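Participant: Pasting a structure here, questions to come.
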Amino acid sequence: MTSETVKPDGARVRSVLSVSKMDCPSEENLVRMALDKRDDITSLTFDLGARTVTVDHAGDGNDLVHALSPLGLGAQLRESHPLSAETTGSSALVETVISVPKMDCPSEENMIRMALANTVGIQALAFDLAARTLRVVHQGDVDPIAKQLTPLGLGARVVSSTPATGSSLPLPDTAGDAAEARTLRLLLAINGLMFLVEMVWGVIAQSTGLIADSLDMFADAAVYGLALYAVGRAASLKTRAAHMAGWLQLALALGALGEVIRRAFAGSEPESALMMGVGALALIANVACLVLIAKKRDRGAHMKASYIFSANDVIANLGVIVAGALVTWTGSSYPDLIIGTIIAVIVLLGARRILALR
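According to the numbering used here, the stretch in the sequence shown is residues 40 to 397, in order.
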């Protein structure tokens with residue numbers, strides 16, 4: 040059923056629209072673009088789980104339904120009521136800058152996106168990994184946003200909150216998003232394949248360094264896979280998938296640390312030639328990832344972050360190669376055990392942060 044409330048011109052109204060076929064970000068973007076043409080709208084709040092959009096505007100709520108009807112998403116006016124002066128003030132958009140000192144790669148960015156996915160009132164997120172800051176355009180108080188970020192352990196701290204301007208809301212770029220998705224699929228394929236290659240040859244070569252580095256590849260593949268999985272799906276499914284990946288990542292990391300401990304006591308004879316050879320192959324794979332991402336770095340913070348993430352992986356690959364050389368030089372397995380421990384701990388910390396998402 041549709042409720043109708045007609046208000047005189049200039050009166051501020053809050054309308055709640057039911058959009059039965061709006062269940063993913065692509066439909067949200069369609070709705071946003073259809074309503075962006077109206078200059079009487081002061082805020083839009085989407086709830087994909089409930090399939091509703093709340094609009095603060097002037098005039099008749101049914102005008103919004105007419106604007107959305109060409110989309111064929113089943114938009115209906117659920118309710119519409121006047122905004123008091125107090126309510127209008129609380130619905131004003133605010134731009135908050137948050138410092139996140141430990142946010143330096145796509146995994147942390149994705150964790151923040153998932154942590155804030157169901158927070159009411161958020162209109163836009165803009166990430167700057169170079170400066171390690173997050174800009175949030177939202178309604179109401181910033182405290183609920185800060186509370187969602189605290190469990191992640193990334194050191195999030197509110198720097199400033201100021202009234203938002205129209206330029207604070209980024210415009211959707213469908214063509215650019217499709218190009219990014221193609222790049223993410225290639226990155227997922229490369230990292231997924233190298234996870235299997237390094238894991239198998241790590242076992243054959245008795246190298247904890249290669250086994251741990253394969254887990255780093257798995258962590259990368261999980262980041263890119265979750266980004267692709269999120270397209271066209273609700274935020275709750277994205278969080279559920281993240282938890283599944285996090286538990287698997289945690290189990291693999293603990294297994295790698297257990298293998299390090301076992302071999303430290305039982306002894307091992309890592310094949311340095313295989314370590315360096317497979318490490319070099321992984322290095323080539325990550326350099327290929329860097330080349331792919333470099334072409335998209337100007338697309339925004341997410342692709343810049345992916346570039347930083349792959350650059351860090353190159354360092355890990357070099358660590359495995361150096362460890363292999365040290366095994367040959369010293370005749371000891373300790374360099375392999377040390378690099379395996381370092382990489383496994385890094386993967387373990389990443390899993391812990393993913394599982395902190397709610």
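Ideal Cβ positions, reconstructed from N, Cα and C, are used throughout, including at glycine. No experiment lies behind these values; they were computed from the predicted model shown.
(1) Assuming the contact rule is C-beta atoms closer than 8 angstroms, Ile-247 and Gly-379 should be a hit. Round their C-beta distance to whole Å, please.
(2) Assuming Ala-362 and Met-233 are in contact, meaning their beta carbons sit under 8 angstroms apart, how far apart are those beta carbons, in whole angstroms?
(3) Could you give the residue range of the alpha helix (DSSP H) that holds Met-246?
(4) Taking 8 angstroms as the cut-off, does the segment 254 to 263 touch the segment 228 to 243 (at least 3 CB pairs, one atom from each stretch)?
(5) Any contact between the segment 157 to 167 and the segment 97 to 107? By contact I mean 3 or more CB pairs, one from each, below 8 angstroms.
(6) Within the continuous beta strand (DSSP E) that includes Val-159, where are the two ends?
(7) Can you give me the Cβ contacts of Arg-302 inside the same chain, cut-off strictly under 8 angstroms, excluding the 5 residues immediately before and after it?
(8) Taking the alpha-carbon of Arg-51 as reference, which of Asn-68, Ala-97, Ala-73 has the nearest alpha-carbon?
(9) What's the gap between the Cα of Ser-199 and the Cα of Val-70?
(10) Buried or exposed, going by whether 16 or more other CB atoms sit within 10 Å of the CB of Met-315?
(11) Among the residues of its own chain, which have a CB less than 6 angstroms from the CB of Ser-307, if the five just before and after it don't count?
(12) In the DSSP output, what is Arg-302 paired with across the bridge?
(13) For Ser-42, collect the residues of the same chain with a Cβ closer than 8 angstroms to its Cβ; drop the 5 residues on either side in sequence, then sort them by chain order.
(14) Classify Glu-118 as helix, strand or coil using the three-state DSSP reduction.
Facilitator: Based on what the coordinates show:
(1) By one-based count along the sequence shown, residue 247 stands at place 208. By one-based count along the sequence shown, residue 379 stands at place 340. It should be pointed out that residue 247 corresponds to Thr in this sequence rather than to Ile. Right, their Cβ atoms sit about 3 angstroms apart.
(2) The residue labelled residue 362 in the question sits at position 323 within the sequence shown. The residue labelled residue 233 in the question sits at position 194 within the sequence shown. Wrong, their Cβ atoms sit about 17 angstroms apart, outside the cutoff.
(3) If you number the sequence shown from 1, residue 246 lands on position 207. Rather than Met, the amino acid found at residue 246 in this sequence is Ser. Counting along the chain, Ser-246 falls outside any alpha helix (DSSP H), and DSSP gives it neither H nor E.
(4) yes
(5) no
(6) Taking the first residue of the sequence shown as 1, we reach residue 159 at position 120. Premise fails: Val-159 is in no beta strand (DSSP E) and is neither H nor E.
(7) Against the sequence shown, residue 302 aligns to sequence position 263. Answer for Arg-302: Gln-245, Thr-247, Ser-372, Leu-376, listed in chain order.
(8) Position 12 of the sequence shown, counting from 1, holds the residue named residue 51. For the residues Asn-68, Ala-97, Ala-73, the minimum Cα distance to Arg-51 belongs to Ala-97.
(9) For this step, residue 199 is matched to residue 160 along the sequence shown. For this step, residue 70 is matched to residue 31 along the sequence shown. Spanning the two alpha carbons is a distance of roughly 30 angstroms.
(10) What you label residue 315 is simply residue 276 of the sequence shown in a count that begins at 1. Buried, by the Cβ-count rule.
(11) In the sequence shown, residue 307 corresponds to position 268, counting from 1. Gln-245, Ser-372, listed in sequence order.
(12) Here residue 302 is taken as the residue at index 263 of the sequence shown, counted from 1. Per DSSP, none; premise fails for Arg-302.
(13) Position 3 of the sequence shown, counting from 1, holds the residue named residue 42. The predicted position of Ser-42 is uncertain, since its pLDDT is 30 and thus under 50; no value can be drawn from it.
(14) Here residue 118 refers to the residue found at position 79 of the sequence shown. Correct three-state label for Glu-118: strand.
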